[in-house]
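Just so you know, the sequences run in chain order C and L.
Counting from 9, one number per residue, gives the positions in the first sequence under the working numbering.
Counting from 9, one number per residue, gives the positions in the second sequence under the working numbering.
Don't be surprised by glycine CBs; every beta carbon is placed ideally from N, CA and C.
No experiment lies behind these values; they were computed from the predicted model shown.
Structure first, commentary second.
Protein chains: 2
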Amino acid sequence: MEESVSKKAIVVLSGGMDSGTLLYHVLSKGYEVKAFSVNYGQRHEKELEYAKKMCVKLNVPHTVFSLPLSEIARGSSLTSDIPVPHGHYEEESMKQTIVPNRNMVLIALAASYAISEKAEKVFYGAHAGDHAIYPDCRPEFAQKLGEALKICDWFSVTLEAPFINLTKGEIARMGKELGADYSLMWTCYEGKETPCGKCGSCVERAEAFSFAGMEDPLLQM
Amino acid sequence: MEESVSKKAIVVLSGGMDSGTLLYHVLSKGYEVKAFSVNYGQRHEKELEYAKKMCVKLNVPHTVFSLPLSEIARGSSLTSDIPVPHGHYEEESMKQTIVPNRNMVLIALAASYAISEKAEKVFYGAHAGDHAIYPDCRPEFAQKLGEALKICDWFSVTLEAPFINLTKGEIARMGKELGADYSLMWTCYEGKETPCGKCGSCVERAEAFSFAGMEDPLLQM
Numbered sequence: 009m010e011e012s013v014s015k016k017a018i019v020v021l022s023g024g025m026d027s028g029t030l031l032y033h034v035l036s037k038g039y040e041v042k043a044f045s046v047n048y049g050q051r052h053e054k055e056l057e058y059a060k061k062m063c064v065k066l067n068v069p070h071t072v073f074s075l076p077l078s079e080i081a082r083g084s085s086l087t088s089d090i091p092v093p094h095g096h097y098e099e100e101s102m103k104q105t106i107v108p109n110r111n112m113v114l115i116a117l118a119a120s121y122a123i124s125e126k127a128e129k130v131f132y133g134a135h136a137g138d139h140a141i142y143p144d145c146r147p148e149f150a151q152k153l154g155e156a157l158k159i160c161d162w163f164s165v166t167l168e169a170p171f172i173n174l175t176k177g178e179i180a181r182m183g184k185e186l187g188a189d190y191s192l193m194w195t196c197y198e199g200k201e202t203p204c205g206k207c208g209s210c211v212e213r214a215e216a217f218s219f220a221g222m223e224d225p226l227l228q229m
Numbered sequence: 009m010e011e012s013v014s015k016k017a018i019v020v021l022s023g024g025m026d027s028g029t030l031l032y033h034v035l036s037k038g039y040e041v042k043a044f045s046v047n048y049g050q051r052h053e054k055e056l057e058y059a060k061k062m063c064v065k066l067n068v069p070h071t072v073f074s075l076p077l078s079e080i081a082r083g084s085s086l087t088s089d090i091p092v093p094h095g096h097y098e099e100e101s102m103k104q105t106i107v108p109n110r111n112m113v114l115i116a117l118a119a120s121y122a123i124s125e126k127a128e129k130v131f132y133g134a135h136a137g138d139h140a141i142y143p144d145c146r147p148e149f150a151q152k153l154g155e156a157l158k159i160c161d162w163f164s165v166t167l168e169a170p171f172i173n174l175t176k177g178e179i180a181r182m183g184k185e186l187g188a189d190y191s192l193m194w195t196c197y198e199g200k201e202t203p204c205g206k207c208g209s210c211v212e213r214a215e216a217f218s219f220a221g222m223e224d225p226l227l228q229m
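Okay, here's the thing in structure tokens:
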């Protein structure tokens with residue numbers, strides 16, 4: 009028997025390659041998708057332009073919500089003048105890029121939107137490479153927050169994090185199979201004209217493309 | 009032995025009498041308190057003016073964060089032109105006043121602020137009278153969300169909801185003992201010049217003052 013529930017989903021879309029591949033993945037599962045991005049004052053606001061372009065290409069309705077998060081969540085190099093650390097993504101210094109409780113804020117907002125849209129699911133793109141540095145990308149965090157979301161309203165929302173145990177390389181390989189367009193996904197934390205190649209995010213992206221046997225289209229331009 | 013931890017706390021302050029009394033309560037416990045309010049487009053934005061006045065009186069630092077929540081969380085009579093229902097606070101019609109997932113959004117933002125301030129605790133003023141209508145004021149919701157907050161960052165945040173099993177009458181009685189100034193706490197959902205006396209919020213406030221054997225100073229003016 010077919011499930012009788014409608015399959016509506018909200019995808020939290022940063023504009024990077026994890027959530028970008030997630031968008032392809034969720035669409036491939038047959039969901040009616042709406043994408044949800046947040047401009048929280050990130051240094052690499054450029055990722056939002058990429059998110060917009062990808063949603064236009066995939067014909068997915070897209071909301072960009074403005075949130076002055078840096079007014080209250082201070083001290084991150086992603087939302088201030090503190091320099092972005094260079095090096096590997098899992099190095100201790102990368103903790104400087106944590107925006108306090110960012111993912112709970114983004115997911116909570118996405119769930120508000122999901123309830124209004126009667127969408128049963130909220131997807132977010134946390135992956136295994138995030139676990140070392142970002143507590144709010146770990147399976148136990150997703151599980152606990154998911155339990156709260158189930159009972160936050162008369163309409164129950166399910167949090168899905170299908171990439172949470174995949175490496176970025178495995179995500180890239182999945183994207184390759186899905187025909188994902190990586191020229192429309194921005195990763196670099198610096199957010200300048202071209203990727204810096206030195207921040208943890210760039211380093212991890214390069215490793216992922218290498219693992220998947222792909223060339224990075226953003227480096228070909 | 010004295011606890012060696014610092015006692016910093018963030019109080020989510022709406023400007024109403026539950027969170028207002030909560031502010032007195034947390035101060036009485038010796039915490040170093042900062043109050044956190046959110047302008048989410050509520051019809052009764054007036055409550056924020058009351059929150060400000062109270063923080064000035066109590067000499068508590070106060071942040072009012074602006075959040076255009078009604079752009080995504082639609083359909084509530086608190087954030088739209090849909091009329092506020094009249095009647096008792098626990099009537100089915102009061103569900104019209106739910107703002108989808110509002111409390112998780114407010115608490116998540118308060119926790120971002122708490123982490124930045126190195127405040128171990130976030131207090132919110134849910135009470136037993138809320139349970140019938142607002143799922144995000146129930147003990148099981150507070151418990152689940154609290155478990156996620158514990159692990160959202162390297163700095164652990166504890167969610168406290170000390171009024172969650174008290175009636176509004178019991179809160180008023182506690183406020184009376186604490187010398188709380190109820191002329192600085194706004195309750196009415198309509199947010200007009202004077203309290204309407206007919207919305208669920210006004211009806212519940214009147215019952216609470218009656219229970220506590222107090223006159224409502226907002227009705228004496």
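Status (buried if at least 16 other CB within 10 Å, exposed otherwise) for residue i
{"i": "LEU226(L)", "result": "buried"}
{"i": "SER22(C)", "result": "buried"}
{"i": "GLN228(C)", "result": "exposed"}
{"i": "ASP89(C)", "result": "exposed"}
{"i": "GLU198(L)", "result": "buried"}
{"i": "SER209(L)", "result": "buried"}
{"i": "GLY205(L)", "result": "exposed"}
{"i": "GLU223(L)", "result": "exposed"}
{"i": "LYS200(C)", "result": "exposed"}
{"i": "GLU53(C)", "result": "exposed"}
{"i": "LYS65(C)", "result": "exposed"}
{"i": "SER84(L)", "result": "buried"}
{"i": "LYS176(C)", "result": "buried"}
Chain L contact for residue i (CB, 8 angstroms cutoff)
{"i": "PRO93(C)", "result": "no"}
{"i": "THR71(C)", "result": "yes"}
{"i": "ILE172(C)", "result": "no"}
{"i": "SER74(C)", "result": "yes"}
{"i": "SER27(C)", "result": "no"}
{"i": "VAL130(C)", "result": "no"}
{"i": "VAL113(C)", "result": "yes"}
{"i": "PHE219(C)", "result": "no"}
{"i": "LEU153(C)", "result": "yes"}
{"i": "ALA216(C)", "result": "no"}
{"i": "SER101(C)", "result": "no"}
{"i": "VAL19(C)", "result": "no"}
Neighbour flag for residue i against chain C, beta carbons, 8 angstroms
{"i": "SER22(L)", "result": "no"}
{"i": "GLU10(L)", "result": "Here GLU10(L) scores only 47 on pLDDT, less than 50, and its place in the model should not be relied on; the value that follows carries that caveat. No, its Cβ sits nowhere closer than 8 angstroms to a Cβ of chain C."}
{"i": "ILE159(L)", "result": "yes"}
{"i": "ILE123(L)", "result": "yes"}
{"i": "LEU232(L)", "result": "Outside the displayed range of chain L (9 to 229) lies residue 232(L), so it cannot be described from this structure."}
{"i": "ILE90(L)", "result": "no"}
{"i": "ASN109(L)", "result": "yes"}
{"i": "ASP138(L)", "result": "no"}
{"i": "GLY133(L)", "result": "no"}
{"i": "ASP144(L)", "result": "yes"}
{"i": "ARG213(L)", "result": "no"}
{"i": "ARG51(L)", "result": "no"}
{"i": "CYS210(L)", "result": "no"}
{"i": "TRP194(L)", "result": "no"}
{"i": "GLU98(L)", "result": "no"}
{"i": "GLU167(L)", "result": "The sequence shown places Leu at residue 167(L), rather than the Glu named in the question. False, the Cβ-Cβ gap to chain C never drops below 8 angstroms."}
{"i": "ILE80(L)", "result": "yes"}
Nearest neighbour of residue i, chosen from the options [CA to CA]
{"i": "LEU35(L)", "options": "GLU125(L), LYS61(L), GLY183(L)", "result": "GLY183(L)"}
{"i": "PHE149(C)", "options": "CYS160(C), VAL165(C), GLU128(C), ILE172(C)", "result": "ILE172(C)"}
{"i": "GLU128(L)", "options": "GLU201(L), LYS206(L), THR166(L)", "result": "THR166(L)"}
{"i": "ALA214(C)", "options": "GLY49(C), CYS196(C), CYS63(C)", "result": "CYS196(C)"}
{"i": "TRP194(L)", "options": "GLN50(L), GLY187(L), PRO203(L)", "result": "PRO203(L)"}
{"i": "LEU153(L)", "options": "PRO91(C), LYS103(C), VAL19(C), ILE115(C)", "result": "ILE115(C)"}
{"i": "GLU212(C)", "options": "ALA220(C), PRO170(C), ALA169(C), GLY137(C)", "result": "GLY137(C)"}
{"i": "PRO69(C)", "options": "MET222(C), LEU77(C), ALA59(C)", "result": "ALA59(C)"}
{"i": "VAL20(C)", "options": "LYS65(C), LYS54(C), MET112(C)", "result": "MET112(C)"}
{"i": "CYS160(L)", "options": "GLY221(L), PHE219(L), ILE123(L), LEU31(L)", "result": "ILE123(L)"}
{"i": "LEU31(L)", "options": "ASN67(L), ALA216(L), GLN50(L), ARG51(L)", "result": "ASN67(L)"}
{"i": "GLY28(C)", "options": "GLY221(C), PHE219(C), TYR142(C), LEU186(C)", "result": "LEU186(C)"}
{"i": "ILE18(C)", "options": "LYS42(C), GLY24(C), SER191(C)", "result": "LYS42(C)"}
{"i": "LEU56(C)", "options": "THR87(C), GLY24(C), PRO91(C)", "result": "GLY24(C)"}
{"i": "TYR190(C)", "options": "GLN104(C), LEU174(C), LYS61(C), LYS37(C)", "result": "LYS61(C)"}
{"i": "ILE141(L)", "options": "GLU40(L), ILE106(L), GLN50(L)", "result": "ILE106(L)"}
Heavy atom of the ligand NAP within 7 angstroms of residue i beta-carbon
{"i": "MET112(L)", "result": "Summarising the ligand content, the structure contains no ligands, and the ligand NAP is consequently not present."}
Touch check for the region 83-99 of chain C and the region 93-108 of chain L: three-plus C-beta pairs under 8 angstroms?
no
Flag this pair as touching only if the region 130-146 of chain C and the region 108-121 of chain C have three or more C-beta atom pairs under 8 angstroms; answer yes or no.
Contact between the region 130-146 of chain C and the region 108-121 of chain C is present: 3 or more CB-CB pairs across the two stretches fall below 8 angstroms.
Ordered list of beta strand (DSSP E) runs contained in the region 105-175 of chain L, each at least 3 residues:
Restricted to the region 105-175 of chain L, the beta strand (DSSP E) segments that are unbroken, complete and at least 3 residues in length are 129-131, 166-168, listed in chain order.
Mind listing, in chain order, the continuous beta strand (DSSP E) runs of no fewer than 3 residues lying wholly within the region 48-81 of chain C?
The qualifying runs are 70-74.
Measuring CB atoms only, is the region 72-79 of chain C touching the region 43-53 of chain C, in the sense that at least three cross pairs come out at less than 8 angstroms?
yes
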